[in-house]
Amino acid sequence: MPTESTATLTLMWEAKAAPGQGSALLDWARAQELSPAPFRREHFTAPGERVLVITWWEGGGDDHNAAVPELPPPPPELIARPVHRWRFTRV
Numbered sequence: 107m108p109t110e111s112t113a114t115l116t117l118m119w120e121a122k123a124a125p126g127q128g129s130a131l132l133d134w135a136r137a138q139e140l141s142p143a144p145f146r147r148e149h150f151t152a153p154g155e156r157v158l159v160i161t162w163w164e165g166g167g168d169d170h171n172a173a174v175p176e177l178p179p180p181p182p183e184l185i186a187r188p189v190h191r192w193r194f195t196r197v
């Protein structure tokens, strides 16, 4: 785990499931491996059959374009619209 002086890049991935596909989308997201793995990864659900995955990466910090692995787009039958992605820096 990074120290307080280490820059941390956080990625948020959010997808809206196709009707009735929320559980399948969550299962799909959980099964995706990232290499290398982030030092922290969490999965969330939200109203409207939304699935969120948040990953924390050591060393990306202020470089929002740092090369870190991201989840790919899910199979089209699982989603209602394209995935949204955001990058954040801890302040």
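Numbering of the sequence shown is given in the numbering used here, commencing with residue 107 and proceeding in unit increments. Quick reminder that beta carbons are idealized off the backbone N, C-alpha and C, glycines included.
Straight-line measurement puts the Cα of V197 at about 30 Å from the Cα of A137. In the structure shown, L131 adopts helical secondary structure according to DSSP, grouped into three states. Non-local C-beta neighbours of I185 in its own chain, meaning closer than 8 Å and more than five positions away in sequence, comprise A121, K122, A123, A124, Q127, L131 and P179, ordered along the chain. Your pair T114 and W163 checks out as a contact, with CB atoms roughly 7 Å apart and the cut at 8 Å.
Nearest in C-alpha terms to R146, of all of R187, E176 and I160, is I160.
In the DSSP assignment, R156 falls within the unbroken beta strand (DSSP E) covering R156 to E164.
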